[in-house]
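Take a look at the structure set out below.
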Amino acid sequence: MNIINRIRADFPALEQKMNGEQLIYLDSAATSQKPKSVLSLMEEMAGRTNANVHRAMYALSDKATELYETAREVVREFINAPARENIIFTSGTTASINLVADSFCRTFLKANDAIIIAADSHHSNIVPWQLAAQRAGAEIRVLPISTEPTQGRGFTAHLLIEELENLIDEKVKIVAVTHVSNITGLVNQVERVIEIAHRHNIPVVVDGAQGIVHQAVDVQKMGCDFYAFSAHKIYGATGAGVLYGKRELLEQMPPYMGGGDMVETVTYQKTTYAPLPLKFEAGTPNFIGAASLAPALEYAKWLKDGIVQSVDGESVSVCDVVEAEQKKITEYLTEALFNEVGDVQLYGFEKSTDASTGVKKELPLFTFNIKGANAGDLAQLLDKMGVAVRSGLMCAEPLLNSLGATGALRASFAPYNTLAEAKNFIACLRRAKQMVL
Ligand code: PMP
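Under this note's numbering, the first residue of the sequence shown carries the number 877, and numbering increases by one thereafter.
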């Protein structure tokens, strides 16, 4: 069996038919499918190792706690955080960013201060900052993107990091950026943002919802102050995620929510808080979801470091095979969208795109429109052909609006997708286009 098929066999969801057709799942940027290792852990914990964590003096609770805390260690290692105290389990990226926006800003943001957010942000990295700014009477400043059209084929949509210096003054208390945009699929040079912000002693929050999937993340090397991601985009459960934070900041920040597990002692009048990370984990956590991060990240690690034997006994790197397939898919789509489908406006080209030769993309994430066609109509027609793609604003309304779009289609590929699926997708898209135009 070839390696991509072997990977596919780990994901039962891919075996389904939809509307009578073999499912082609191209919405992994919204949520990835889960491998069997994750599914079996979740089933085992729901059905057997089900006891509240951290609270009881009996073996079943110890077993559940052990799975929960092991996952914390797996996360710590995966992003190279210094200690378990830096890893806070949350319900996902959105909750992680809200935690920082609320708790950090309560302490450090005053009236007339400012927060810088990036123009390519997901709503989860916009709205929490607006709420914090409104509470404090602070302002939002926006780090812009380039919006030049390229050869009539769409928009570059790069984050203009060089503008950051002009936005910074003594009022700015925090900068929030995106690692990899869920619209453009471009990788932002967050290290540059961090370097500039840190020169002014301003902490940086990185929304890693997509970055954790596509990049090797080393939070110490990156230097970010906070990094947020969700389990469900990287093969884990929904309703679980991570906030990495630098210890000195987390220590200074007040609890975000109060309740069980985050306390040391409580009187009717006053509470002292549990040490990190539990200070930020009030209430019964989604312990199955958090624990799922262990097999999920082990799977992601295997995709990067795994070695398998080929049929003729050779050792083959899983990563080499996956990267080669993803590159083929990306190159094929960048060409086929324009030459086989046509009238396409694509959002987000690599900086290295040569205007005379067309378009370049590094990651297999394509957000686009077909001129004159409604994205929602196209998505519905594709669904009838078994192809699942996302359509609409994709929680990035300001970004799409600044690129002149009120909606778009997005096809996002994962290591379990094949070039054959990409070709099928293009054939279906051509048919859908003919039907609507
Ligand atoms: N940021 C980005 C860049 C995303 O792609 C997403 C998910 N679409 C989020 C934040 C929010 O993630 P979640 O809904 O899992 O909290």
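Glycine included, every Cβ here is placed at the ideal spot set by N, Cα and C.
All values reported here derive from a predicted model rather than from experimental measurement.
Pick from the options that is closest to residue i, judged by C-alpha positions
i: Pro-958; options: Asn-1001, Ala-906, Ala-1085 and Tyr-1120; result: Tyr-1120
i: Thr-1026; options: Ser-1228, Pro-1274 and Leu-1285; result: Ser-1228
i: Gly-1115; options: Ser-1278, Leu-1169 and Pro-1130; result: Leu-1169
i: Ala-1176; options: Ala-1092, Ile-1070 and Gln-1145; result: Ala-1092
i: Asn-956; options: Leu-1173, Ala-927 and Val-929; result: Leu-1173
i: Leu-985; options: Val-1048, Ser-972 and Ile-993; result: Val-1048
i: Gln-1086; options: Asn-1277, Thr-1160, Ser-1000 and Ala-932; result: Ser-1000
i: Ser-908; options: Pro-1291, Lys-1236 and Leu-1295; result: Pro-1291
i: Gly-1099; options: Val-1118, Val-1089, Val-1069 and Glu-1127; result: Val-1069
i: Glu-953; options: Cys-981, Val-929, Gly-1030 and Val-1095; result: Val-1095
i: Leu-1257; options: Ser-916, Leu-1313, Glu-1273 and Thr-1206; result: Leu-1313
i: Tyr-1149; options: Ala-987, Gly-1136 and Glu-1238; result: Gly-1136
i: Ala-1298; options: Leu-899, Arg-882, Met-877 and Ile-883; result: Leu-899
i: Lys-1309; options: Glu-1216, Arg-960, Ile-964 and Ser-967; result: Glu-1216
i: Ile-1329; options: Thr-983, Thr-1032, Lys-1122 and Ala-987; result: An answer regarding residue 1329 cannot be provided, because it is not within the stretch 877 to 1313 covered by the chain.
i: Gly-1224; options: Tyr-1103, Leu-1275 and Arg-960; result: Leu-1275
i: Gln-1006; options: Asn-1058, Asp-978 and Thr-941; result: Asp-978
i: Phe-1214; options: Glu-1071, Arg-1029 and His-1090; result: Arg-1029
i: Pro-1131; options: Lys-1155, Thr-1294, Thr-1147 and His-1108; result: Lys-1155
i: Ala-1012; options: Ser-1022, Thr-983 and Leu-1241; result: Thr-983
i: Ala-1287; options: Gly-1134, Pro-1240 and Asn-1250; result: Pro-1240
i: Val-929; options: Phe-965, Glu-961 and Ile-1072; result: Phe-965
i: Arg-884; options: Ala-1107, Leu-943, Glu-1157 and Leu-1179; result: Leu-1179
i: Glu-949; options: Ile-993, Ala-1166 and Cys-981; result: Ala-1166
i: Ala-1052; options: Asn-1058, Thr-1060, Tyr-1103 and His-1034; result: Tyr-1103
i: Glu-1038; options: Ala-1303, Ile-1072 and Val-1056; result: Ile-1072
i: Val-1265; options: Arg-882, His-1074, Met-1138 and Met-894; result: Met-894
Extent of the continuous beta strand (DSSP E) run through residue i
i: Asp-1083; result: 1080–1083
i: Ser-1267; result: 1266–1268
i: Val-1048; result: 1048–1054
i: Arg-1286; result: 1284–1288
i: Ser-1106; result: 1102–1106
i: Thr-1114; result: Here Thr-1114 belongs to no beta strand (DSSP E), and DSSP marks it neither H nor E.
i: Leu-1239; result: Premise fails: Leu-1239 is in no beta strand (DSSP E) and is neither H nor E.
i: Arg-1017; result: 1015–1019
Run of the alpha helix (DSSP H) containing residue i, from where it starts to where it stops
i: Ala-1200; result: 1194–1212
i: Arg-1123; result: 1123–1128
i: Gln-1010; result: 1003–1012
i: Gln-1256; result: 1251–1260
i: Tyr-1175; result: 1169–1181
i: Ser-1057; result: Where Ser-1057 is concerned, there is no enclosing alpha helix (DSSP H), given that its DSSP letter is neither H nor E.
i: Thr-941; result: 935–954
i: Ile-879; result: 879–885
i: Leu-917; result: 912–923
i: Leu-1305; result: 1295–1312
i: Gln-1027; result: Premise fails: Gln-1027 is in no alpha helix (DSSP H) and is neither H nor E.
i: Thr-969; result: 969–984
i: Val-1066; result: 1066–1075
i: Ile-1088; result: 1087–1090
Local Cβ density within 10 Å of residue i, reported as buried at 16 or more and exposed below that
i: Lys-1153; result: Checking the displayed sequence, the identity of residue 1153 turns out to be Pro instead of Lys. By the neighbour-count rule (16 or more Cβ atoms within 10 Å), Pro-1153 is buried.
i: Leu-1305; result: buried
i: Glu-1201; result: buried
i: Gln-1221; result: buried
i: Ala-1296; result: exposed
i: Val-1142; result: exposed
i: Asp-903; result: buried
i: Gly-1262; result: buried
i: Ile-1183; result: exposed
i: His-1076; result: exposed
i: Thr-1032; result: buried
i: Thr-925; result: buried
i: Met-933; result: exposed
i: Val-1194; result: buried
i: Leu-936; result: exposed
i: Asn-878; result: exposed
i: Thr-946; result: exposed
i: Tyr-1144; result: exposed
i: Asp-996; result: buried
i: Pro-888; result: exposed
i: Pro-1151; result: exposed
i: Asn-1293; result: buried
i: Met-1270; result: buried
Rounded distance between the beta-carbons of residue j and residue i, thought under 8 Å
i: Gly-1252; j: Gly-1280; result: With a Cβ gap of about 17 Å, Gly-1252 and Gly-1280 do not count as contacting.
i: Asp-1101; j: Ile-973; result: Asp-1101 to Ile-973, Cβ: 13 Å. No contact.
i: Leu-1019; j: Leu-1036; result: 7 Å
i: Ile-1088; j: Phe-1105; result: 4 Å
i: Thr-1054; j: Asn-1064; result: 6 Å
i: Ala-1014; j: Ala-990; result: 6 Å
i: Lys-1247; j: Thr-1210; result: About 18 Å; that fails the 8 Å criterion.
i: Pro-1171; j: Val-914; result: 5 Å
Residue i CB to nearest heavy atom of the ligand GTP below 7 Å
i: Asn-1058; result: This structure does not include the ligand GTP; its bound ligands are the ligand PMP.
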